[in-house]
Amino acid sequence: MKAEERLSFLDLTEQYKNIQKEINKAIEGVLKRGKFILGEEVFRFEEEVADYLGVKYAVGLACGTDALKISLRGLDIGKGDEVITTPFTFIATAEAIIEVGAKPIFVDIEPETYNIDPAKIEEKITNRTKAIVPVHLYGQPAKMDAIIKIANRYKLHIIEDAAQAFGAEYNGRKVGSFGSAAIFSFFPSKILAAYGDAGMLVTNNKKLYQKAKKLRLHGATKRYYHTLYGYNSRLDELQAAILRRKLRYVNKWIDARRKIAEYYNKSFFDLKNEITIPFTHSNCRHVYNVYTIRLKLRSVLYDYLKKEGIPAAIYYPRPLHLQPVFRDLGYIRGDFPISERCSKEVLSLPIYPELTENKQNLIIDKIASFIKKKYRE
Ligand SMILES: *Cc1c(COP(=O)(O)O)cnc(C)c1O
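This is the structure:
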């Protein structure tokens with residue numbers, strides 16, 4: 091393979107080349123000002139994100155996982171409480187629920203979107219249920235209308251896990267503004283990518299906002315006066331400086347991702363009996379943080395692509411209810427059949443704004459030749 095055709099699942103170096111001057115200048119600015127914790131860059135970035143999303147408040151935190159914990163703690167969810175979420179997500183979603191002392195109650199997903207199935211939520215609600223945490227998986231919003239209806243009926247909080255869905259829209263409105271709180275991650279593989287760990291909590295609730303600001307500072311109300319058990323969880327000033335500059339490009343990058351996804355979709359049309367392409371509801375704007383197909387011979391294709399030098403990924407090979415660490419929750423195989431089936435059939439392909447059409451064609455050709463060989467001969 092020629093050097094320019096060498097493929098990685100995610101390549102952030104191309105993007106850096108395009109914005110190098112601005113990024114370097116932003117970093118240098120922070121170094122010269124010499125303020126590294128909760129400086130001007132963090133506060134400006136918080137305002138800019140709140141503006142972008144159409145929410146009142148944003149709190150910059152060390153990572154998305156902390157944002158989940160701080161949302162839960164900020165809404166007084168803890169010991170004895172139950173929180174409904176999906177088992178088909180990154181472990182952080184459930185980990186944070188357990189970390190604050192509450193219990194994750196899983197609800198299976200819709201096979202089309204891989205998001206929590208609202209029709210299965212109600213049967214899991216008890217008098218201990220305090221919140222629903224929908225995950226906008228891969229960058230596609232969960233069915234918020236139905237989830238909001240249930241939350242209102244039972245007076246539950248909604249905390250959107252929008253870690254993969256920065257900029258995604260539902261009914262023309264950005265995700266992050268539908269619940270009591272929402273969380274974003276700026277981990278390098280996400281839509282808006284820091285050069286390290288970073289995260290954010292957003293909300294329209296002033297009390298939650300004020301509490302979250304204390305929780306990220308060891309529960310301090312003023313200096314060395316602590317009213318809450320808190321965390322050390324600040325968004326780093328250097329990362330904030332970087333993210334502020336990148337925010338200016340994020341719409342362009344999302345458009346590029348959507349174009350790449352469209353091209354994959356079009357190219358896989360001839361393979362539609364073997365490969366299921368991502369389904370999107372017409373009222374959703376999917377941002378394709380991850381582009382995921384589904385097929386019966388997933389594992390065979392994954393191995394084949396690996397051998398051919400095409401990197402692919404599996405999000406996620408084991409649903410959370412079957413993770414050894416969550417054994418005590420008492421779930422068994424068969425509890426969430428759709429999540430279990432999808433974990434065996436999903437395959438995610440490279441997608442990032444700078445992925446060239448040549449590289450994309452290479453990936454598509456390999457998959458097409460695999461399908462012809464395995465299914466059609
Ligand atoms: C990435 C991710 C998180 C956690 O974010 P970090 O910044 O890595 O802590 C939480 N939930 C989902 C769905 C994620 O993809």
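In this note's numbering, the protein residues as written are 91 to 467. Glycine included, each C-beta is placed from N, C-alpha and C at the ideal position. What you are looking at is a predicted structure, and each value in this text was computed from that prediction instead of being measured.
heavy atom of ligand 1 below 6 Å from residue i C-beta
i: residue 403; result: no
i: residue 153; result: yes
i: residue 413; result: no
i: residue 359; result: no
i: residue 433; result: no
i: residue 468; result: The structure shown has nothing for residue 468, since the chain only spans 91 to 467.
i: residue 275; result: yes
i: residue 170; result: no
i: residue 251; result: yes
i: residue 135; result: no
i: residue 179; result: yes
i: residue 300; result: no
i: residue 289; result: yes
i: residue 225; result: yes
i: residue 230; result: no
i: residue 105; result: no
i: residue 366; result: no
i: residue 254; result: yes
i: residue 183; result: yes
Backbone CA spacing between residue i and residue j [nearest angstrom]
i: residue 426; j: residue 120; result: 48 Å
i: residue 281; j: residue 148; result: 18 Å
i: residue 297; j: residue 400; result: 48 Å
i: residue 299; j: residue 340; result: 25 Å
i: residue 233; j: residue 206; result: 8 Å
i: residue 346; j: residue 318; result: 44 Å
i: residue 217; j: residue 424; result: 26 Å
i: residue 215; j: residue 359; result: 40 Å
i: residue 178; j: residue 152; result: 24 Å
i: residue 223; j: residue 260; result: 16 Å
i: residue 470; j: residue 353; result: Past the boundaries of the shown model lies residue 470; the chain is included only from 91 to 467, so the question cannot be answered.
i: residue 466; j: residue 362; result: 13 Å
i: residue 388; j: residue 412; result: 20 Å
i: residue 110; j: residue 284; result: 14 Å
i: residue 171; j: residue 188; result: 10 Å
i: residue 344; j: residue 377; result: 6 Å
i: residue 239; j: residue 248; result: 11 Å
i: residue 115; j: residue 448; result: 33 Å
i: residue 124; j: residue 136; result: 20 Å
i: residue 258; j: residue 316; result: 37 Å
i: residue 236; j: residue 107; result: 43 Å
i: residue 166; j: residue 372; result: 36 Å
i: residue 338; j: residue 368; result: 28 Å
i: residue 161; j: residue 402; result: 33 Å
i: residue 278; j: residue 392; result: 23 Å
i: residue 57; j: residue 396; result: No information on residue 57 is available, as it lies outside the stretch 91 to 467 that the chain covers here.
Secondary structure of residue i, DSSP reduced to three states
i: residue 274; result: strand
i: residue 459; result: helix
i: residue 340; result: helix
i: residue 229; result: helix
i: residue 389; result: helix
i: residue 201; result: coil
i: residue 369; result: coil
i: residue 251; result: strand
i: residue 260; result: strand
i: residue 397; result: helix
i: residue 305; result: helix
i: residue 183; result: helix
i: residue 284; result: coil
i: residue 321; result: coil
i: residue 242; result: helix
i: residue 352; result: helix
i: residue 91; result: In this prediction, residue 91 has a pLDDT of 48, which is less than 50 and means its spatial position is unreliable; what the coordinates show is noted afterwards. Reduced to three states, the DSSP call for residue 91 is coil.
i: residue 430; result: helix
beta-carbon residue i near ligand 2 non-hydrogen atom, thresh 6 Å
i: residue 329; result: This structure lacks ligand 2; its bound ligands are ligand 1.
Beta bridge counterpart(s) of residue i as assigned by DSSP
i: residue 326; result: 127
i: residue 148; result: 292
i: residue 439; result: 381
i: residue 173; result: 194 and 221
i: residue 315; result: 312
i: residue 206; result: 199
i: residue 375; result: 259
i: residue 403; result: 438
7 Å Cβ cutoff, residue i in contact with chain B
i: residue 270; result: The structure shown contains no chain B; it is built from a single protein chain.
Taking three-plus beta-carbon pairs below 8 Å as touching, is the segment 289–302 in contact with the segment 264–273?
-> Contact between the segment 289–302 and the segment 264–273 is present: 3 or more CB-CB pairs across the two stretches fall below 8 Å.
If we count Cβ pairs, one from each stretch, closer than 8 Å, do we get three or more for the segment 192–199 versus the segment 277–291?
-> As far as the Cβ criterion goes, the segment 192–199 does not touch the segment 277–291, which means the pair count is below three.
Indicate whether the contact test is met: 3 or more Cβ pairs, each with one atom in the segment 125–132 and one in the segment 324–332, closer than 8 Å.
-> Yes, they touch.
Decide if the segment 410–423 is in contact with the segment 449–459; the criterion is three or more beta carbon pairs, one per stretch, under 8 Å apart.
-> In this structure the segment 410–423 does not lie against the segment 449–459, because fewer than three pairs of beta carbons, one per stretch, are closer than 8 Å.
Taking contact to mean at least 3 C-beta pairs separated by less than 8 Å, is the segment 429–442 in contact with the segment 369–389?
-> Three or more Cβ pairs drawn from the segment 429–442 and the segment 369–389 lie within less than 8 Å of each other, which places the two stretches in contact.
Is the segment 170–185 touching the segment 303–319 in the sense that three or more CB pairs, one from each, lie closer than 8 Å?
-> Segments in contact, no.
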